[in-house]
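First residue of the sequence shown: 3, per the working numbering; consecutive thereafter. C-beta: ideal position from N, C-alpha, C; glycine also. Keep in mind the model is a prediction, meaning the values are calculated, not measured. Let me begin by presenting the structure, written as structure tokens, before commenting on it.
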Amino acid sequence: MSKEYIETLKAEEKANQDTDLMSDEKVYGFLGGSVVILMGLAFLAAINFGFSMGQVWPIVFFVPIGAMTFKTVRSIRNGEGVDMSSVIGVLSMVLIASVWFFNLNWGNIWPIFMIFGGLYALSNTLQDKK
Numbered sequence: 003m004s005k006e007y008i009e010t011l012k013a014e015e016k017a018n019q020d021t022d023l024m025s026d027e028k029v030y031g032f033l034g035g036s037v038v039i040l041m042g043l044a045f046l047a048a049i050n051f052g053f054s055m056g057q058v059w060p061i062v063f064f065v066p067i068g069a070m071t072f073k074t075v076r077s078i079r080n081g082e083g084v085d086m087s088s089v090i091g092v093l094s095m096v097l098i099a100s101v102w103f104f105n106l107n108w109g110n111i112w113p114i115f116m117i118f119g120g121l122y123a124l125s126n127t128l129q130d131k132k
């Protein structure tokens with residue numbers, strides 16, 4: 003095989019991988035958006051129609067938590083590094099779900115979100131832009 007042919011095959015493989023990544027990103031966006039919409043509808047039902055979700059409903063947080071964790075692990079395995087927005091998103095959702103699971107007081111928890119915001123801002127500042 004010639005060098006040109008091998009380079010062409012490598013370029014085609016990379017293009018296919020990039021297309022797959024883009025489709026994965028769309029799936030994550032669709033999944034995350036759908037879960038947020040469903041949660042909003044559940045809140046509306048609970049507030050306006052007396053529908054009770056009990057302590058079980060925060061389980062829906064585990065869908066986007068799982069998707070973002072999978073995305074982060076895949077990025078690390080591919081040598082792309084850690085996407086801090088995904089890490090902070092996962093931590094935020096775990097914290098929110100924990101507040102409802104363990105009946106914690108929001109008044110004691112909200113400063114943690116400020117810390118997450120500061121970490122995110124620092125990570126964007128310190129991260130190398132490609």
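- Contiguous alpha helix (DSSP H) elements confined to the region 57 to 123 occur at 64 to 79, 86 to 103, taking only those with 4 or more residues.
- Across the structure, Val38 and Glu82 are spaced so that their CA atoms are roughly 28 Å apart.
- About 6 Å separates the beta carbons of Phe103 and Pro60, which is inside the 8 Å limit, making them a contact pair.
- By alpha-carbon distance to Met86, the top candidate from Leu43, Leu128, Val101 is Leu128.
- Under the three-state reduction of DSSP, Ser54 is assigned to coil, being neither helix nor strand.
- Taking 7 Å as the cut-off, the beta carbon of Ile90 is found closer than this to the beta carbon of Phe118.
- When secondary structure is reduced to three states using DSSP, Ser36 falls in the helix class.
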